[in-house]
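Peer 1: Submitted below is the structure of interest, expressed as structure tokens.
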Amino acid sequence: MATTDRATAVLTIDLAAVAENFRSLRRRFAGSELGAAVKANAYGLGAAQVAPALWRAGARTFFVATLDEGIALRATLGKAQIAVLHGLTTGPADEFLSHRLIPVHNSIAEIDTWLAAAPDMPSALHIDTGIARLGMPTRDVAMLADTKRLSALSLAFVMSHLACSDDAAHPLNARQRDRFRAACAALAIPAYVPRSLVASAGIFLEPPYHFDLGRPGAALYGIGVQADCPNAMRPVVRLSGKILQLRDVDSDSTVGYG
Numbered sequence: 000m001a002t003t004d005r006a007t008a009v010l011t012i013d014l015a016a017v018a019e020n021f022r023s024l025r026r027r028f029a030g031s032e033l034g035a036a037v038k039a040n041a042y043g044l045g046a047a048q049v050a051p052a053l054w055r056a057g058a059r060t061f062f063v064a065t066l067d068e069g070i071a072l073r074a075t076l077g078k079a080q081i082a083v084l085h086g087l088t089t090g091p092a093d094e095f096l097s098h099r100l101i102p103v104h105n106s107i108a109e110i111d112t113w114l115a116a117a118p119d120m121p122s123a124l125h126i127d128t129g130i131a132r133l134g135m136p137t138r139d140v141a142m143l144a145d146t147k148r149l150s151a152l153s154l155a156f157v158m159s160h161l162a163c164s165d166d167a168a169h170p171l172n173a174r175q176r177d178r179f180r181a182a183c184a185a186l187a188i189p190a191y192v193p194r195s196l197v198a199s200a201g202i203f204l205e206p207p208y209h210f211d212l213g214r215p216g217a218a219l220y221g222i223g224v225q226a227d228c229p230n231a232m233r234p235v236v237r238l239s240g241k242i243l244q245l246r247d248v249d250s251d252s253t254v255g256y257g
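The sequence shown: position 19 = 18 (numbering that gives the first Met the number 0), numbered continuously.
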């Protein structure tokens, strides 16, 4: 007897739908590379199963939140480029090096730590342009522009993150895009270093927002990411359950606790 035959509920993850969602987003994306966010165990669906499906669909750059997630993913994907969005706050530099993981720097202090450990190894830079979550704030960007730190780094990419990309008409989108361009110019980021601004919802914005590298997450897993628009993504998760009992209940009957 199969385990599913005994279960009262079964959660099904459709890996083919994940792959098709990736391909659909890639067709929309005007940049040169579409990566995939598999943080939080691929949004709870199982990174060990989801990440290989995305690799087969063509993803080569993957984004996780923490060092531990990166180490686990490296065991699954030996050749992928794996970036850790929370950077060196989640573990020591030597662990990043031993597992070939890319730390995303969110502060000058993290850059200094990496420069002392492995300046020739790839790392990335996160610039905050208005979400005030992770990333280097404007003051630190100005301080960084006055030093030679960046010229000593081997940058894999530079990124920011949109706060309101689910609303295409929101004015903050254009302000963040322009701030990102201005910050890259102020820091003299070389043209060959990929720029990354959009995650899932941002891919549905106009091409000037796309830059070089996309980082979809929620949309890959079937989540609608556009406000007031039909969900364009294929469903990935299906929950089915057994009906345990059917009852006829008259209007004057009591039902359940209380």
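Every residue gets a Cβ at the ideal spot worked out from N, C-alpha and C, and that includes glycine. Bear in mind that the values here come from a model prediction, so they are computed numbers and not experimental data.
Inspect the beta-carbon positions of L87 and A123 and report whether they are closer than 9 Å.
Peer 2: Against a cut-off of 9 Å, the Cβ pair of A123 and L87 comes out as no contact.
Peer 1: So what does DSSP say about V49, is it helix, strand or coil?
Peer 2: Three-state DSSP puts V49 in a helix.
Peer 1: Starting from F156, trace the beta strand (DSSP E) in both directions and tell me its first and last residue.
Peer 2: Looking at the DSSP string, the run of the beta strand (DSSP E) that includes F156 is 153–158.
Peer 1: Can we say the region 57–71 touches the region 22–34, given the rule of at least three CB pairs closer than 8 Å?
Peer 2: Yes: at least three Cβ pairs fall under 8 Å.
Peer 1: Would you say Q225 and D165 are within 9 Å of each other, going by their C-beta atoms?
Peer 2: For Q225 and D165, yes; Cβs fall inside 9 Å.
Peer 1: Is it right to say V84 is buried, meaning 16 or more other beta carbons lie within 10 angstroms of its own, or is it exposed?
Peer 2: It should be noted that the sequence gives Leu, not Val, for residue 84. Looking at its Cβ environment, which holds 16 or more other Cβ atoms inside 10 Å, L84 is buried.
Peer 1: Does the pairing of the region 63–81 with the region 244–252 give three or more beta-carbon distances under 8 Å?
Peer 2: Counting Cβ pairs under 8 Å, fewer than three are found: no touch.
Peer 1: Can you give me the Cβ contacts of I288 inside the same chain, cut-off strictly under 7 Å, excluding the 5 residues immediately before and after it?
Peer 2: Since the first residue shown for the chain is 0 and the last is 257, residue 288 is missing from the structure and cannot be characterised.
Peer 1: I'd like the list of long-range same chain contacts for G30, defined as Cβ closer than 7 Å, with 5 residues on each side in sequence excluded.
Peer 2: Excluding positions up to five away in sequence, the list reads H209, F210, D211, L212, G213.
Peer 1: Mind checking whether D139 and I188 have CB atoms under 9 Å apart?
Peer 2: Contact flag unset, no.
Peer 1: Can we say the region 3–13 touches the region 188–200, given the rule of at least three CB pairs closer than 8 Å?
Peer 2: Segments in contact, no.
Peer 1: Going straight from the alpha carbon of F179 to that of L204, what length do you get?
Peer 2: When rounded, the distance between both Cα atoms is 16 Å.
Peer 1: Going along the chain, which residues of its own chain have a beta-carbon closer than 6 Å to the beta-carbon of F258, five neighbours each way excluded?
Peer 2: Because residue 258 is not part of the residues shown, which for the chain are 0 to 257, the question remains open.
Peer 1: Provide the residue span of the alpha helix (DSSP H) that contains V140, from first to last.
Peer 2: 137–144 is the extent of the alpha helix (DSSP H) around V140.
Peer 1: What span of residues does the alpha helix (DSSP H) with G69 cover, start to end?
Peer 2: 66–75 is the extent of the alpha helix (DSSP H) around G69.
Peer 1: Taking the CB atoms as reference points, tell me whether L161 and V103 lie closer together than 9 Å.
Peer 2: In this structure, V103 does not lie closer than 9 Å to L161 by Cβ.
Peer 1: My understanding is that P118 touches A79, with C-beta atoms under 8 Å, so please give their C-beta distance in whole angstroms.
Peer 2: Not quite, the Cβ-Cβ distance comes to about 23 Å (not below 8 Å), so this is no contact.
Peer 1: To the nearest angstrom, how far is it from the Cα of N40 to the Cα of R246?
Peer 2: Cα to Cα, N40 sits roughly 40 Å from R246.
Peer 1: Assuming P207 and A16 are in contact, meaning their beta carbons sit under 8 Å apart, how far apart are those beta carbons, in whole angstroms?
Peer 2: Actually they are not in contact, since the Cβ atoms of P207 and A16 sit about 30 Å apart, beyond 8 Å.
Peer 1: Measuring only the C-alpha atoms, how far is E94 from D127?
Peer 2: Computed Cα separation, rounded: 26 Å.
Peer 1: Hey, how far is the Cα of I202 from the Cα of P215?
Peer 2: Whole-angstrom Cα-Cα distance: 8 Å.
Peer 1: In terms of residues, what are the limits of the alpha helix (DSSP H) holding T112?
Peer 2: Segment 107–116, the alpha helix (DSSP H) holding T112.
Peer 1: Can you tell me whether F95 is helix, strand or coil according to DSSP?
Peer 2: Reduced to three states, the DSSP call for F95 is helix.
Peer 1: Is V49 buried or exposed, if buried means 16 or more other CB atoms sit within 10 Å of its CB?
Peer 2: V49 comes out buried.
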